[in-house]
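Structure record follows, encoded as structure tokens.
Number of protein chains: 2
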Amino acid sequence: MHGITQKIYLSLTPPTQEDFVSDQERILRELRRQGIQAELPLSILQSLYPFCPRSDWKFTVSLAYNGSVWSVVRMEAGDTTRQHYGICADLGSTTLVMQLIDCGTGQVLGEASAYNHQIPFGEDILTRIFYAKDQPEHLAEIRQATLDTFQEVLTSLTEQTGILASDCISMVVAGNTTMIHFLLGMDAFCVFSAPYAVHALDPGFLPAREFGFSLPGYVYCYPGKANYLGGDIISGAIATGIHDKEELSLFFDIGTNGELIIGNREFLLCGAGAAGPALEGGVVKTGMRAVEGAVERLQIQDGVFHLHTINNAAPVGICGSGIVDMLAQLFLNGWITIQGKFVPDKSPLIHMEDNEYCVTYAPGLCFYQSDIDEFLKTKAAAVTMIHYMLDLTGISPEEISHYYMAGAFGAHISKESAVTIGMYPDVDREKLVPVGNASLKGAKMLLLDCELLDRLPALLENMEYVQFGAVDNFINLMVAATAIPHTNLEQYPSVVEQMKRRHLL
Amino acid sequence: MHGITQKIYLSLTPPTQEDFVSDQERILRELRRQGIQAELPLSILQSLYPFCPRSDWKFTVSLAYNGSVWSVVRMEAGDTTRQHYGICADLGSTTLVMQLIDCGTGQVLGEASAYNHQIPFGEDILTRIFYAKDQPEHLAEIRQATLDTFQEVLTSLTEQTGILASDCISMVVAGNTTMIHFLLGMDAFCVFSAPYAVHALDPGFLPAREFGFSLPGYVYCYPGKANYLGGDIISGAIATGIHDKEELSLFFDIGTNGELIIGNREFLLCGAGAAGPALEGGVVKTGMRAVEGAVERLQIQDGVFHLHTINNAAPVGICGSGIVDMLAQLFLNGWITIQGKFVPDKSPLIHMEDNEYCVTYAPGLCFYQSDIDEFLKTKAAAVTMIHYMLDLTGISPEEISHYYMAGAFGAHISKESAVTIGMYPDVDREKLVPVGNASLKGAKMLLLDCELLDRLPALLENMEYVQFGAVDNFINLMVAATAIPHTNLEQYPSVVEQMKRRHLL
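Top to bottom, those sequences are chains A and B.
Quick note, the first sequence lines up with residues 1 to 505 if you use this note's numbering.
Quick note, the second sequence lines up with residues 1001 to 1505 if you use this note's numbering.
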């Protein structure tokens, strides 16, 4: 098994009277002997002399696959096969995360991230899309901001590892469809506009120099399936291996959008829809990103909030995992109803402010009725996607062997709280598997395993795509899912159990 | 049959709710339907919007083959398939000749040429090679001079046809190994230095932009077989079709070097060696290129020279075809012996000058003994190549159905004179076929016939290469071939006939 790059040490016999094939052919012939069909681009042809004789014909070639053929993109004297590096990247709307990988061992040598430089053009994606829409100069700005983000993280990786970007051969990028459009410099309005035919879903291998990167090889963008089901999700699904297993799995990435894949090696049904920013703390009034001072865990005991903040700092707001705990705790203590409405007489912490009920969870920090309503709508959207897909396939929640929950959010959330509020299905907790940055993992896997490339087209082809917005009874289903945990309590036996214990039923 | 480029008009159905594949896939899908596996490079991905909707999804794609896959290198609104252009080029050490081809009809729309801008770095190739040897800046200068030559001819073609270089898709270049090395920016000392392992013989398809050309596609360099048997010869052989015929043919390109291919569809034996500049008038004291005032034909009648000059101008020197006539006429009139030595008492025009005999062929213009000696050595080298190859294969001169004589020289030379001096074999004159710029023809053929590409590797692989310098008894054979027509008169029955008629035997 090898990845989309290779380093091969060649110890060639110098030309003789008997064997006077060209330098080019001398190299290609040896590579063919090793089973590799390759080509030499102009820059390499120009560097053959005096490099070959000076290196005594003992050198290492860096090979980069370009989708059709292997290209020799670098030559180094001596045996440098052990310095074989590559980059994988998860390009999110908020954050770009990258790893510098030792492609020989698969080891992660460095990881770094940066906020996406697109953010000044709009916190949310739509603002950025409208900024660039039909304005080539603005689009160029956004592309440049994206490229700057990559450069920033590449620099961090070099500082961390001492390895230059130019010593890495190729890069695999997983990103949602909008992000890939911006990275390539394509107008992304199509992503959000019917009939949702985007400009490109499978840009493939593009020379890294066309991005201004100093890597000598290529940038490979993970192919997407549809506008809302981008390469990041395909990459994430690949990382969990659901397409390879006999057992049924469900892969779910919840963020501003929810993307979901259900299936196994026989079939894959996938869907995506807008969930809303609430899950990431975006709409909640005191919501914030998961940085220092954010409440990430909480409990209500004996009428008192017990908070845990990031870095144990004084609380300044609440992040996604804190919000899930908040709802679960408010509900289990009877401070909110099954409809998520405050019951003011349950606690003196519940009071009116700005014409709505809210609860003070820390000095000066309140969680509002509108926050709850917003969050529950988002939760409902996300959950309905799962329910809808299960319905569609006739699969019951128990038949799913594993629920892979992707995203930073999935990694930090309390499973119990998420089940309590009906955000996660009420199944054996071991079946709920947070997979962290699955998209980055899938990018790394492809960097290291070229054969995945051959499998991707069939995988994408066989995926059935459901666009939830287009589903008729989606709204009806959502209304039922707005309740805590759900209008249909039968699906949540362990929550019912707890409710009974706490005399809520 | 199609060439290495295609133009295809696509009339696509715009995206709908039912068919919302990406623009990229919409184009590739239709091309696949037409049997073409293609890819879209970044520049094209970036131009899809708003181009596709603005053109009402009716546009023409320009496809360029890159050796592995078809690349969409241009999109034009509407049906522009009839404007389908390409360039073929014969890059000689002295002259670059190019044609602008209508790739739809195969018609030559324009032809232009220019002196190679390398000439200021050295009239002969070796001087240029030494100038650039181990001096990257000098090599860069020579490369730039080569590229400037291309630009000059491209400009001429545009002036002639009104078609821009950027409207031509790809270019096929046939050139000798040194010229291709310089065009690509590779040190060419290897071409002339044992063990003659050059840097590259088959650079393949390289993006035209890497040459600074405005063509959106590729530059394809005809592959060579060996240092002295470059792409120009392979191209020339292809043009004559000797590799396709059942009959035995001989392809010969005589210039400063002699290159020769003998064979048929079953086998091809090829060889090359230095012939010397004399054949092109380079060493002859009053020798000159075939330009105005050059004696290109002559006869001696009743002891008097009858000259024909180019453009009927006053004679200022003698070019290749004139020299061949000169030797034949001097010989047939008994003014020189079978060894090529002047017989001074045969004409008052023969006299001593600068310590050697010479003959005055025009006012102030003499042809010297040393000119004759030099030319005969060169003739001997060329002829010996043919004899040697025939000996090697056991084929008699009569068994060869056609002798294809390439090069401007071959086109203008008098067959009778060439046979008389033993430069051409003494066979049925119809078998002696001047093919002109065969190298340019072969380049054009490949531009228009992509299938040739598939055949080239096997063709090159199956060629047996003989390097004449390396042949032991080559010098002995050459000595015999220095005589007029040859020491072995049996091979020249028609010359013997004439000699008898003129009482020279």
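C-beta atoms are modelled at their ideal positions from N, C-alpha and C, and glycine is treated no differently.
(message) Assess contact between the region 340-358 of chain A and the region 444-463 of chain A, defined as three or more Cβ pairs (one per stretch) separated by less than 8 Å. Is contact present?
(response) no
(request) Specify whether the region 379-390 of chain A and the region 294-308 of chain A touch according to this definition: at least 3 beta carbon pairs, one from each stretch, less than 8 Å apart. (result) no
(request) Out of A:196, A:335, A:319, A:237, state which residue places its alpha-carbon closest to the alpha-carbon of residue 463 of chain A. (result) A:237
(request) Have a look at B:1335, B:1202, B:1344 and flag the residue whose alpha-carbon is nearest the alpha-carbon of residue 981 of chain B. (result) For residue 981 of chain B there is no data in the structure shown, the boundaries of chain B being 1001 and 1505.
(request) Less than 8 Å between the CB atoms is what I'm expecting for residue 1438 of chain B and residue 1404 of chain B, so what's the real figure, rounded? (result) 7 Å
(request) Kindly list, in the order they appear in chain B, the residues whose Cβ is closer than 7 Å to that of residue 196 of chain A. (result) 1020
(message) Taking CB distances under 7 Å as the criterion, tell me whether residue 1056 of chain B reaches chain A.
(response) no
(request) Please state if the CB of residue 1468 of chain B and the CB of residue 1385 of chain B are separated by a distance shorter than 7 Å. (result) yes
(message) So that I know if they touch, is there some Cβ in chain B lying closer than 7 Å to that of residue 200 of chain A?
(response) yes
(request) Taking C-beta pairs closer than 9 Å, name the residues in chain B that residue 179 of chain A reaches, listed in chain order. (result) In chain order: nothing, as chain B lies at least about 15 Å away.
(message) Strictly below 7 Å CB to CB, what residues from chain A border residue 1203 of chain B?
(response) 45
(request) Could you run through the region 1453-1473 of chain B and flag, in chain order, every residue whose CB is less than 7 Å away from some CB of chain A? (result) none
(request) Give the secondary structure of residue 55 of chain A by DSSP, where H, G and I count as helix, E and B as strand, and everything else as coil. (result) coil
(request) Would you list, in chain order, the members of the region 1006-1019 of chain B that have their beta-carbon closer than 9 Å to a beta-carbon of chain A? (result) 1014, 1015, 1016, 1017, 1018, 1019
(message) Using 7 Å as the threshold, is the C-beta distance between residue 1084 of chain B and residue 1104 of chain B below it?
(response) yes
(request) Could you tell me which chain B residues have their CB closer than 7 Å to the CB of residue 68 of chain A, listed as they occur along the chain? (result) 1068, 1069
(message) With a threshold of 7 Å between beta carbons, is residue 1259 of chain B in contact with chain A?
(response) no
(request) Ignore the nearest five residues each way along the sequence and tell me which others in residue 393 of chain A's own chain have a CB closer than 7 Å to its CB. (result) 262, 269
(request) Tell me whether the beta-carbon of residue 1234 of chain B lies closer than 7 Å to the beta-carbon of residue 1253 of chain B. (result) no
(request) Report the rounded CA-to-CA distance for residue 1326 of chain B versus residue 1176 of chain B, giving the unit in angstroms. (result) 30 Å
(message) Looking at residue 143 of chain A: is its Cβ nearer than 7 Å to the Cβ of residue 204 of chain A?
(response) no
(request) Could you run through the region 132-152 of chain A and flag, in chain order, every residue whose CB is less than 8 Å away from some CB of chain B? (result) 134
(request) Leaving out five residues on either side along the sequence, give the residues of the same chain with a beta carbon under 6 Å from the beta carbon of residue 25 of chain A. (result) none
(request) Provide the residue(s) that pair with residue 299 of chain A in DSSP beta bridges, ordered along the chain. (result) A:306
(message) Could you tell me which whole beta strand (DSSP E) segments of length 3 or greater appear in the region 1068-1100 of chain B?
(response) 1070-1077, 1085-1091
(request) Would you mind reading off the limits of the alpha helix (DSSP H) that contains residue 1236 of chain B? (result) 1231-1240
(request) Classify residue 1454 of chain B as buried or exposed, calling it buried when 16 or more other Cβ atoms lie within 10 Å of its own Cβ. (result) exposed
(message) the ligand SAH and residue 1333 of chain B: does any heavy atom of the ligand fall closer than 6 Å to the residue's C-beta?
(response) For the structure depicted, the ligand SAH is absent and the ligand set is empty, with no information on it obtainable.
(request) Kindly identify the DSSP beta-bridge partner or partners of residue 1350 of chain B. (result) B:1359
(request) Note down the Cα distance separating residue 349 of chain A from residue 343 of chain A, rounded to an integer number of angstroms. (result) 11 Å
(request) Look at the alpha carbon of residue 1418 of chain B and the alpha carbon of residue 1492 of chain B, and state the distance between them as a whole number of angstroms. (result) 12 Å
(message) Quick test of the definition: if touching needs 3 or more C-beta pairs under 8 Å, does the region 221-230 of chain A touch the region 1035-1047 of chain B?
(response) no
(request) Would you mind giving the Cβ-Cβ distance between residue 1182 of chain B and residue 1146 of chain B, rounded to the nearest angstrom? I have them listed as a contact below 8 Å. (result) 5 Å
(message) Less than 7 Å between the beta carbons of residue 1070 of chain B and residue 1012 of chain B, yes or no?
(response) no
(message) For residue 172 of chain A, report the span of its alpha helix (DSSP H) as first-last.
(response) Element bounds for residue 172 of chain A: not the alpha helix (DSSP H) but the beta strand (DSSP E), 168-175.
(message) I need the straight-line Cα distance from residue 430 of chain A to residue 407 of chain A, nearest angstrom please.
(response) 18 Å
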